[in-house]
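A.B. asks: Sharing a structure here in structure tokens format.
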Amino acid sequence: MNPRVVLLSVVLALFGGYSVWLMMEVGYVAIWQAGFTSPAALQILMDLAIACVIISSWMIGDARARGITVWPWLVAVLTTGTLAILVYLLVREFAQKALAKPA
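With our numbering applied, the sequence shown corresponds to residues 27 to 129, in that order.
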């Protein structure tokens with residue numbers, strides 16, 4: 027198996043599991059509210075938002091080049107942040123592998 031797929035899968039499983047647990051504990055809104063509790067927390071929230079915008083800009087070009095409809099991915103990034111980006115990268119890896127197989 028591709029090391030990139032393994033790494034993405036491990037990060038997605040760990041971070042996704044933690045995110046699901048956290049949402050069950052405090053709720054979706056509380057996660058966002060935490061970003062406004064202090065200047066340091068706001069800086070982390072803004073950093074995440076900037077990173078998601080930059081990666082989404084790359085995702086638009088990448089999806090267009092691969093013939094993938096990008097709007098569902100962008101909506102997912104708006105609602106789940108980097109979780110959607112990790113899933114996109116995994117889907118992209120599997121799609122690339124499927125295209126590389128000889129028919």
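Each residue gets a CB set at the ideal place from its N, CA and C atoms; glycine is no exception.
Are the beta-carbon atoms of residue 86 and residue 96 separated by less than 8 Å?
C.D. replies: Contact flag set, yes.
A.B. asks: Using 8 Å as the threshold, is the segment 43-51 in touch with the segment 64-76, meaning 3 or more CB pairs across them?
C.D. replies: At 8 Å Cβ cutoff, the stretches do not touch.
A.B. asks: Over what stretch of residues does the alpha helix (DSSP H) that includes residue 85 continue unbroken?
C.D. replies: Unbroken alpha helix (DSSP H) run through residue 85: 65-92.
A.B. asks: Have a look at residue 64 and residue 83 and give me their C-alpha separation to the nearest angstrom.
C.D. replies: So the two alpha carbons sit approximately 29 Å from each other.
A.B. asks: Given a cut-off of 8 Å on the beta-carbon distance, is the pair residue 103 and residue 38 in contact?
C.D. replies: For residue 103 and residue 38, no; Cβs fall outside 8 Å.
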